[in-house]
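Report on one structure; see the data block that follows.
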Amino acid sequence: MTVLKYLQAYPAQLQDQVRQLIAEGRLGDYLNQRYSGRHDVQSDKALYSYALDLKQEYLRNAPAIDKVLFDNRLDLTHRALGLHTTVSRVQGGKLKAKKEIRIASLFKEAAPDFLKMIVVHELAHFKESDHNKAFYKLCEHMLPGYHQVEFDLRVYLTWRDMQ
0 MTVLKYLQAY
10 PAQLQDQVRQ
20 LIAEGRLGDY
30 LNQRYSGRHD
40 VQSDKALYSY
50 ALDLKQEYLR
60 NAPAIDKVLF
70 DNRLDLTHRA
80 LGLHTTVSRV
90 QGGKLKAKKE
100 IRIASLFKEA
110 APDFLKMIVV
120 HELAHFKESD
130 HNKAFYKLCE
140 HMLPGYHQVE
150 FDLRVYLTWR
160 DMQ
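Heads up: the sequence shown begins at 0 in numbering that gives the first Met the number 0, then just goes up one per residue.
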């Protein structure tokens with residue numbers, strides 16, 4: 000039985016469906032049918048603009064974003080696809096906090112929906128720090144069908160590991 004490391008938290012029935020697609024050699028076809036094409040966001044500057052546009056549309060009152068960039072070490076060192084961080088520094092008598100988002104570089108090659116899902120996920124952490132009901136409700140508000148895209152992203156990562 001194939002171990003699906005990205006899908007372990009999902010019900011056995013869904014995992015079995017993915018295993019069946021793998022056995023039939025149709026997993027790539029499934030993904031290409033649902034998520035064809037690549038996005039145009041290829042630079043850190045374009046990614047910052049993309050994230051800022053989403054923030055302005057859905058999270059106007061959230062803290063400002065200081066930096067958004069693709070990180071080619073992210074998926075290997077942190078076992079994460081995206082990170083949100085707050086860097087605090089003391090300058091004179093003031094404490095200044097900078098908000099950063101780092102997205103794994105593998106998303107330069109991914110479908111537009113996958114990039115949006117990761118950016119939405121990291122932006123949602125500016126309002127909700129935990130992965131709780133309110134967090135996922137906010138993600139669903141910013142990206143309708145968020146849960147399906149997250150599942151399909153995990154299927155994509157499984158397919159990518161097989162290549």
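Where a beta carbon is used, it is the ideal one built from N, C-alpha and C, also for glycine.
Say yes only if the C-beta of leucine 13 is nearer than 8 Å to one or more non-hydrogen atoms of the ligand PLP, and no if none qualify. Among the ligands in the structure shown, none appear at all, so the ligand PLP cannot be discussed.
Span separating the alpha-carbon of alanine 109 from that of glycine 36: 8 Å
Skipping 5 residues on each side, what residues in its chain have a beta carbon closer than 6 Å to that of tyrosine 47? The residues are Val67.
Please list, in chain order, all residues of the same chain as glutamate 149 whose beta carbon is under 7 Å from its beta carbon, the five residues on each side excluded. So the list reads Met116, once near-sequence residues are dropped.
Return the bridge partner residues of isoleucine 117 from the DSSP annotation. Note: isoleucine 117 sits in no beta bridge, so no partner.
For threonine 76, does the three-state DSSP call read helix, strand or coil? Caution is warranted here: a pLDDT of 45 is assigned to threonine 76, below 50, making its placement in the model unreliable, and the coordinate value is therefore given only provisionally. Three-state DSSP puts threonine 76 in a helix.
Does the region 88-107 touch the region 133-141, meaning 3 or more C-beta pairs lie closer than 8 Å? no
Excluding sequence positions up to five away, which residues of its chain have a Cβ less than 7 Å from the Cβ of aspartate 65? Closer than 7 Å at Cβ, skipping near neighbours: Lys97, Lys98, Glu99.
Euclidean distance between Cα positions of threonine 76 and alanine 103: The predicted model places threonine 76 with a pLDDT of 45, which falls under 50 and marks its position as unreliable; any figure quoted below should be read in that light. Roughly 11 Å separates the two Cα atoms.
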